[in-house]
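Chemist: Sequential numbering of the sequence shown, starting at 1, is according to the UniProt record's numbering.
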Amino acid sequence: MDSDLGTPAYAAANWSSTSQSFKNDAGLRELLIDENGNLKERGAILKMPKYARTLERIRDDSKSFYTGDLAKDIVKDIQDGGGIITLEDLKNYETVVRRPLSSKMGNYNVAYEPTPGGGAVSSLILNILKGNYLYVCCT
Numbered sequence: 001m002d003s004d005l006g007t008p009a010y011a012a013a014n015w016s017s018t019s020q021s022f023k024n025d026a027g028l029r030e031l032l033i034d035e036n037g038n039l040k041e042r043g044a045i046l047k048m049p050k051y052a053r054t055l056e057r058i059r060d061d062s063k064s065f066y067t068g069d070l071a072k073d074i075v076k077d078i079q080d081g082g083g084i085i086t087l088e089d090l091k092n093y094e095t096v097v098r099r100p101l102s103s104k105m106g107n108y109n110v111a112y113e114p115t116p117g118g119g120a121v122s123s124l125i126l127n128i129l130k131g132n133y134l135y136v137c138c139t
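Laid out in structure tokens, this is it:
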């Protein structure tokens, strides 16, 4: 599996405003900070071997994401970062299939995830971009 990605210009530009937080996070530092301690620039190759191995593990044994060694690794990483997810959380996770929201964008029907996902916000943003936004006036 290929684990190298070139850094897009928009990403490199956005990173500069939050580079200090990247330096403070071990995972982001490994991914986004070069050997000289500087933020990687546009076009830099991002090496993500841990992510590639994780995807391979899911490919080879998808149940391990919820109940196996991969689940243990995920929980450890999250808890090491201050998160509270547990093995029991992953074990008890159930996928809920819901009918998507949709709206017209030009000649296209755009589908969005329903709540509790962010589809409503995505739809609002696209409607603002095409000029269909509400003016709210407080008096």
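Where is the CB? At the ideal position from N, CA and C, for every residue including glycine.
Using C-beta distances below 6 Å, list every residue in its chain close to Ser123, excluding the 5 sequence neighbours before and after it, in chain order.
Modeler: The residues are Ser103, Tyr112.
Chemist: Work out the CA separation of Glu41 and Ser21 for me, nearest whole Å.
Modeler: In a straight line, the C-alpha of Ser21 is about 16 Å away from that of Glu41.
Chemist: Leaving aside the five residues before and after Ala71 along the sequence, list all residues of the same chain whose C-beta is less than 7 Å from its C-beta, in chain order.
Modeler: Only Ser64, Phe65, Leu87, Leu90 meet the Cβ criterion.
Chemist: Are Val110 and Leu129 close, meaning C-beta to C-beta below 8 Å?
Modeler: Not a contact, by the Cβ cut-off of 8 Å.
Chemist: May I ask you to report which of helix, strand or coil DSSP gives Ile45?
Modeler: Reduced to three states, the DSSP call for Ile45 is strand.
Chemist: Rounded to the nearest angstrom, how far is the Cβ of Leu46 from that of Leu31, given a contact under 8 Å?
Modeler: Yes, Leu46 and Leu31 are in contact; Cβ-Cβ is about 6 Å, under 8 Å.
Chemist: Can the beta-carbon of residue 158 be found closer than 8 Å to that of Pro100?
Modeler: An answer regarding residue 158 cannot be provided, because it is not within the stretch 1 to 139 covered by the chain.
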